[in-house]
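Since the structure comes first, as structure tokens, the remarks are kept for the end.
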Amino acid sequence: MSDEGATSPSLGGYTPSSDQRNSQQIPPPDTRPSESRQLPVIVLRGEYDFQSMPALRAQVEAAATAHGGVILEASGVTFADSMTLSLILATHQRTALRIVAPSERLSRLFSIRGVDAILNIYASVEAANGYR
7 MSDEGATSPS LGGYTPSSDQ RNSQQIPPPD TRPSESRQLP VIVLRGEYDF
57 QSMPALRAQV EAAATAHGGV ILEASGVTFA DSMTLSLILA THQRTALRIV
107 APSERLSRLF SIRGVDAILN IYASVEAANG YR
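This is how it looks when you write it as structure tokens:
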């Protein structure tokens, strides 16, 4: 993947405390307020590959550990590779993972790999949190 024209990912939503972060800094969150019973929302924007995986993995793991699950708002994903899919599947297996509005590219990846039938995919954050 070329750096030219590449979109940097934005990892919005849940931000782990400083003692939960690994040595790599996670960008400031593009947050959405959540009520106490709701899962934290991580807003995904841009490209996700081996370079962005450590930061995304840390954020997802911290949110899942602290809250028992996480919502990935994925409408802004422009590229996702097999490492992204592996993280999503591993998270799905160990905690409550909800994916909201996956982009066309991410939906296609799910469909090609046949995982769209097992993942919890929702049209909105409200639906993912049980509010229709």
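This note's numbering puts the first residue of the sequence shown at 7, with every later residue one more than the last.
Glycine included, C-beta positions come from ideal geometry on N, C-alpha and C.
Only residues of its own chain outside the window of five on either side were considered, and among them 50, 109, 112 have a CB closer than 6 Å to the CB of residue 83, listed in chain order. Under the three-state reduction of DSSP output, residue 101 falls in the coil class, being neither helix nor strand. Judged by DSSP in its simplified three-state form, residue 107 adopts coil rather than helix or strand. Inclusion of residue 107 and residue 92 in the CB contact set at 8 Å is not warranted, their separation being larger than that value. The shortest C-alpha to C-alpha distance from residue 101 to any of 59, 114, 125, 132 is the one to 125. Residue 131: member of the alpha helix (DSSP H) spanning 131-134, first to last residue.
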